[in-house]
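Trainee: Letter by letter, the sequence shown follows residues 455 to 679 of the working numbering.
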Amino acid sequence: MNRVLVVEDDAALRRALAITLRSRDYEVVAVADGGSALREAAAAAIDLVILDLGLPDLDGVEVIRALRAWSQVPIIVLSARDAQQQKVDALDAGADDYVTKPFGMGELLARLRASLRRTESAPNAGGTVETDAFTVDLAAGRVRRAGVDVRLTPTEWHLVEALVRRPGILVTGHQLLAEVWGPKYERETNYLRVYFAQIRRKLEDDPSHPRHFITEPGLGYRFEP
Ligand code: CA
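Have a look at this one:
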């Protein structure tokens, strides 16, 4: 059974989250502030954290930084619709994903399953990832489309690999730039636009309506298998 830590100061939402998660067989620890969240996370093994960013005591981003100092537990943040910068800060601090309030429980549960899958299948060193349009062989470093090898440049491959290893997970532009080009390039988001246009031309059935390499405007990219 997976144990989920819910951190939300809105009592009605906290209760709704706990009821929904318990009905799906998750074990739930629900708290109303950042200090309690850090204490609970240190006291018992937690498989995933759902974290509201607007908390009465600590900023949610500070909670993420404190957790990330010692834990790789997946963190999904709940953020307000107009809080784009806060969302980016949370993702850069190490949150795995976000949902924007108001959200449907179905959406949150899907994000939660994707995050748990990622940690369970974690060191995905080899293996292949198949979509209806193409197949990525991570061990061999090859992509095939309609039975034919697709030629990707080393940078294109790096980007494809970085996303395909985290199916369903949002990866921020900063993370991708730091991973593929190096930490000095974290602000060069125009690189990503250019390279993802190329990747989509090579791999997507309809590059102008991508189904697998999805842009989340202002935040980053997500691979949907
Ligand atoms: Ca709040």
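Note that the Cβ used here is the ideal one computed from N, Cα and C, for glycine as well. Only a predicted model underlies this, so the values are computations on that prediction, with no experimental measurement involved.
Among G514, G627, G636, Q652, which has the Cα closest to the Cα of T607?
Mentor: Q652
Trainee: Three or more beta-carbon pairs under 8 Å between the stretch 507-523 and the stretch 640-649, yes or no?
Mentor: no
Trainee: Write down the C-beta distance between L624 and D546 rounded to the nearest angstrom, noting that I regard them as a contact closer than 8 Å.
Mentor: The pair is not a contact, with the Cβ atoms about 12 Å apart (cut-off 8 Å).
Trainee: Applying the 10 Å Cβ sphere with the 16-neighbour rule, what's the burial state of P671?
Mentor: exposed
Trainee: Would you kindly check if the distance between the Cβ of R522 and the Cβ of G489 is under 7 Å?
Mentor: no
Trainee: Scan the stretch 491-518 and note each continuous beta strand (DSSP E) run of 3 residues or more that stays entirely inside, going in chain order.
Mentor: DSSP assignment within the stretch 491-518 yields the following whole beta strand (DSSP E) runs of 3 residues or more, N-terminal first: 502-506.
Trainee: Between D506 and ligand 1, is the CB less than 6 Å from at least one heavy atom?
Mentor: yes
Trainee: Should the stretch 552-569 be called in touch with the stretch 650-667, which here means at least 3 C-beta pairs below 8 Å?
Mentor: With the cut-off at 8 Å, the stretch 552-569 and the stretch 650-667 do not touch.
Trainee: Return the chain-ordered list of same chain residues with a C-beta closer than 7 Å to the C-beta of R599, the five sequence neighbours on each side being excluded.
Mentor: A587, F588, L657
Trainee: Are the beta-carbon atoms of G627 and L646 separated by less than 7 Å?
Mentor: yes
Trainee: In whole angstroms, what separates the C-alpha of H666 from that of E561?
Mentor: 18 Å
Trainee: Let me check one thing: in DSSP terms, what residues is F667 bridge-paired to?
Mentor: F677
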